[in-house]
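Peer 1: So in the numbering used here, spot 105 of the sequence shown is number 105, and the numbers just go up one at a time. Every residue gets a Cβ at the ideal spot worked out from N, C-alpha and C, and that includes glycine. Bear in mind the structure is a predicted one, so any value in this text is a computation, not a measurement. Provided herewith is a single structure, encoded as structure tokens, for subsequent inquiry.
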Amino acid sequence: MDSIQQKLDDLPDLPTLPHIVVEVNRMMAEQNITVSRMCETIERDQVMVARILKLVNSSFYGFQSQINTVSHAVVILGFQTMQNAILSVSIIESFKKKDVVPGFDMTDFWKHSVAVAVISMKLGEMVKNENPEVCFTAGLLHDIGKVVLAQFFPEMFRIVWNGLHEDSYPSFYEAESDLLETDHARIGDYLGRRWQLPPALIDTIRCHHSIKKNMENLAMVRIVHAADILANTWQGTLREKPVLKSMDQGAKKYVDQQINTLKNWFPATAEEIRQACKFFLGPPEPR
Ligand SMILES: [Fe+2]
Ligand SMILES: [Fe+2]
Numbered sequence: 001m002d003s004i005q006q007k008l009d010d011l012p013d014l015p016t017l018p019h020i021v022v023e024v025n026r027m028m029a030e031q032n033i034t035v036s037r038m039c040e041t042i043e044r045d046q047v048m049v050a051r052i053l054k055l056v057n058s059s060f061y062g063f064q065s066q067i068n069t070v071s072h073a074v075v076i077l078g079f080q081t082m083q084n085a086i087l088s089v090s091i092i093e094s095f096k097k098k099d100v101v102p103g104f105d106m107t108d109f110w111k112h113s114v115a116v117a118v119i120s121m122k123l124g125e126m127v128k129n130e131n132p133e134v135c136f137t138a139g140l141l142h143d144i145g146k147v148v149l150a151q152f153f154p155e156m157f158r159i160v161w162n163g164l165h166e167d168s169y170p171s172f173y174e175a176e177s178d179l180l181e182t183d184h185a186r187i188g189d190y191l192g193r194r195w196q197l198p199p200a201l202i203d204t205i206r207c208h209h210s211i212k213k214n215m216e217n218l219a220m221v222r223i224v225h226a227a228d229i230l231a232n233t234w235q236g237t238l239r240e241k242p243v244l245k246s247m248d249q250g251a252k253k254y255v256d257q258q259i260n261t262l263k264n265w266f267p268a269t270a271e272e273i274r275q276a277c278k279f280f281l282g283p284p285e286p287r
């Protein structure tokens, strides 16, 4: 990892998070926040104000009445949801650049990430996780290391991509583990620490393919790991039986009831995924 670490340290154009995100994360971490401080911070960035109002008024949240001010949005959604909305919107914006290397389709990448985010939030709600909102953001960011790999290390990405197709590895992660001295989970962990993301998000990014039983934030990692596998089975609709053999046993047990009742809740979730993709990724571009 050392040489990769060095290369990551030396990258001059690795996206940085907008000031507003850093500020909101800091206030939340220090538990030093009031509605007026949150509003003041957001209102310094008018582009963010427009995006947040568009988000809270989108069908994704489904509020009946129109929300026209940031303070109304903060009061209705709460600090945690606002923090996650700001972080989600900013990160997608930072990495929206089009297809960076053959084989890596940025739109498909974000579609998968949004699907994992929505399913993670649903699973979080169903297992009564105390932070389903954070589950959403953790799901959205779980594979962020892949974008860094594709964008800044296209040669390494190509090796994995070719290996995945020529040697039929069962997954991207397994091809990476075999062919590289690093993987997208470790690269994402680096980025998360550099961005000073909340620890639960960093843990999920680092461990979504390699869950350790005694880790902190185990519940959230299990949720995102399970959501990742369910999302990979989702192709607009869920196939009859999701491919569960690659699921970690502890995670499978943790969401056992939800997996057994997929048919009941997944159709509505699939619709939410479509709504969320529409909001976060915009209308499909003409080809
Ligand atoms: Fe992954
Ligand atoms: Fe994934």
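Could you check where the alpha helix (DSSP H) with T107 kicks off and where it finishes?
Peer 2: In the sequence shown, residue 107 corresponds to position 107, counting from 1. It spans M106 to M126 - the alpha helix (DSSP H) in which T107 sits, taken as one unbroken run.
Peer 1: Three-state secondary structure (DSSP) at L11?
Peer 2: As a working mapping, residue 11 is identified with position 11 in the sequence shown. Coil at L11, not helix or strand.
Peer 1: When the Cβ atoms of the stretch 136–155 are set against those of the stretch 94–110, are three or more pairs found closer than 8 Å?
Peer 2: The answer is yes - the stretch 94–110 touches the stretch 136–155, with three or more Cβ pairs under 8 Å.
Peer 1: Report yes if the C-beta of D167 is less than 6 Å from at least one heavy atom of ligand 1; otherwise report no.
Peer 2: Position 167 of the sequence shown, counted from the first residue, corresponds to residue 167. The answer is no for D167.
Peer 1: Once DSSP output is grouped into helix, strand and coil, what is the label at I42?
Peer 2: What you label residue 42 is simply residue 42 of the sequence shown in a count that begins at 1. Here I42 sits in helix by DSSP.
Peer 1: As a quick exercise: from T182, G163, N129 and V118, pick the residue whose alpha carbon is nearest that of Q275.
Peer 2: Counting from 1 along the sequence shown, the entry for residue 275 is found at position 275. It is V118.
Peer 1: How about L87 and V160: do their beta carbons lie closer than 7 Å?
Peer 2: Numbered from 1 along the sequence shown, position 87 holds the residue referred to as residue 87. Numbered from 1 along the sequence shown, position 160 holds the residue referred to as residue 160. In this structure, V160 does not lie closer than 7 Å to L87 by Cβ.
Peer 1: Where L123 and I223 are concerned, what is the direct C-alpha to C-alpha distance, given to the nearest angstrom?
Peer 2: By 1-based counting over the sequence shown, the position of residue 123 is 123. By 1-based counting over the sequence shown, the position of residue 223 is 223. Cα to Cα, the separation comes out at about 7 Å.
Peer 1: Excluding the five sequence neighbours on either side, which residues of its own chain have a C-beta within less than 7 Å of the C-beta of A251, listed in chain order?
Peer 2: Translated into positions along the sequence shown, residue 251 becomes position 251. Answer for A251: I211, R222, H225 and A226, listed in chain order.
Peer 1: Please list, following the chain, all residues that have a C-beta closer than 5 Å to any non-hydrogen atom of ligand 2.
Peer 2: Every residue passing the under-5 Å Cβ criterion appears here: D143 and D228.
Peer 1: CA-CA distance, D203 and D108?
Peer 2: In the sequence shown, counting from the first residue as 1, residue 203 sits at position 203. In the sequence shown, counting from the first residue as 1, residue 108 sits at position 108. The alpha-carbon atoms of D203 and D108 are separated by roughly 24 Å.
Peer 1: Using CA atoms only, rank isn't needed, just tell me which of Q83, A85, W110 and N84 is closest to K96.
Peer 2: Numbered from 1 along the sequence shown, position 96 holds the residue referred to as residue 96. If we check each option's Cα against that of K96, W110 comes out closest.
Peer 1: Hey, M121 and F136: beta-carbon distance below 7 Å or not?
Peer 2: Sequence index remark: in the sequence shown, residue 121 carries index 121 (1-based). Sequence index remark: in the sequence shown, residue 136 carries index 136 (1-based). Contact: yes.
Peer 1: Tell whether a beta-carbon distance below 7 Å holds between E43 and V70.
Peer 2: Taking the sequence shown and counting its residues from 1, the one referred to as residue 43 is at position 43. Taking the sequence shown and counting its residues from 1, the one referred to as residue 70 is at position 70. Against a cut-off of 7 Å, the Cβ pair of V70 and E43 comes out as a contact.
Peer 1: Going by beta carbon distance, what residues of the same chain come within less than 6 Å of L281, once the five residues before and after it are set aside?
Peer 2: Sequence index remark: in the sequence shown, residue 281 carries index 281 (1-based). Closer than 6 Å at Cβ, skipping near neighbours: W110.
Peer 1: Do I273 and M247 have their CB atoms nearer than 7 Å?
Peer 2: By one-based count along the sequence shown, residue 273 stands at place 273. By one-based count along the sequence shown, residue 247 stands at place 247. The answer is no: Cβ separation not under 7 Å.
Peer 1: If we count the other Cβ atoms within 10 Å of its Cβ and call it buried at 16 or more, is R26 buried or exposed?
Peer 2: Here residue 26 refers to the residue found at position 26 when the sequence shown is read from its first residue. When all chains shown are included, R26 counts as exposed.
Peer 1: Can you tell me whether K146 is buried or exposed? The criterion is at least 16 other CB atoms within 10 Å of its CB, across all chains shown.
Peer 2: Taking the sequence shown and counting its residues from 1, the one referred to as residue 146 is at position 146. It is buried - the Cβ of K146 has at least 16 other Cβ atoms within 10 Å.
Peer 1: Among S59, M48 and N68, which has the Cα closest to the Cα of A85?
Peer 2: Residue mapping note: residue 85 aligns to position 85 of the sequence shown, counting from 1. For the residues S59, M48 and N68, the minimum Cα distance to A85 belongs to M48.
Peer 1: Quick one: grab the DSSP three-state call for N57.
Peer 2: Against the sequence shown, residue 57 aligns to sequence position 57. Correct three-state label for N57: coil.
Peer 1: Between A185 and N129, how many whole angstroms is the CB-CB distance? I'm expecting something under 8 Å.
Peer 2: Translated into the one-based positions of the sequence shown, residue 185 becomes position 185. Translated into the one-based positions of the sequence shown, residue 129 becomes position 129. Rounded, the Cβ-Cβ distance is 21 Å, inconsistent with contact.
Peer 1: Leaving out the 5 sequence neighbours to the left and right, which residues in its chain are closer than 7 Å to I156 when beta-carbon positions are compared?
Peer 2: Position 156 of the sequence shown holds residue 156. Reading off the sequence shown, one finds Met at residue 156, where the question assumed Ile. Cβ neighbours of M156 beyond the five flanking positions: L149 and L180.
Peer 1: Tell me which residues share the same chain as L140 and place their Cβ nearer than 6 Å to its Cβ, disregarding the 5 neighbours each side in the sequence.
Peer 2: One-based indexing of the sequence shown puts residue 140 at position 140. Cβ within range, chain order: S88, S113 and A117.
Peer 1: Quick check on this structure: which residue in R194, A138 and E174 has the alpha carbon closest to the alpha carbon of L11?
Peer 2: Against the sequence shown, residue 11 aligns to sequence position 11. Cα-wise, what sits closest to L11 is R194.
Peer 1: Buried or exposed: T261, going by 16 or more other Cβ atoms within 10 Å of its Cβ?
Peer 2: Counted from its first residue, the sequence shown places residue 261 at position 261. Burial call: exposed.
Peer 1: Rounded to whole angstroms, what's the CA-CA distance from L201 to P132? Just pull it up for me.
Peer 2: Within the sequence shown, numbered from 1, the residue matching residue 201 stands at position 201. Within the sequence shown, numbered from 1, the residue matching residue 132 stands at position 132. Each residue's alpha carbon lies about 12 Å from the other.
Peer 1: Can you name, in chain order, every residue of its own chain whose Cβ lies under 8 Å from the Cβ of P199, other than the five neighbours on each side?
Peer 2: Working through the sequence shown from its first residue, we reach residue 199 at position 199. Excluding positions up to five away in sequence, the list reads E216 and N217.
Peer 1: What is the DSSP secondary structure of P267, counted as helix, strand or coil?
Peer 2: By 1-based counting over the sequence shown, the position of residue 267 is 267. Here P267 sits in helix by DSSP.
Peer 1: With distances taken from CA atoms, which of V74, L191, Q258 and C39 is nearest H142?
Peer 2: Taking the first residue of the sequence shown as position 1, residue 142 is located at position 142. The candidate whose alpha carbon is nearest that of H142 is L191.
Peer 1: Where do the N-terminal and C-terminal ends of the alpha helix (DSSP H) with W195 fall, by residue?
Peer 2: For the purposes of this step, residue 195 is identified with residue 195 of the sequence shown, where counting begins at 1. Premise fails: W195 is in no alpha helix (DSSP H) and is neither H nor E.
Peer 1: So the candidates are F60, A50 and V75; which of them puts its Cα closest to the Cα of M38?
Peer 2: Here the question's residue 38 lines up with position 38 in the sequence shown. It is V75 whose Cα lies nearest to the Cα of M38.
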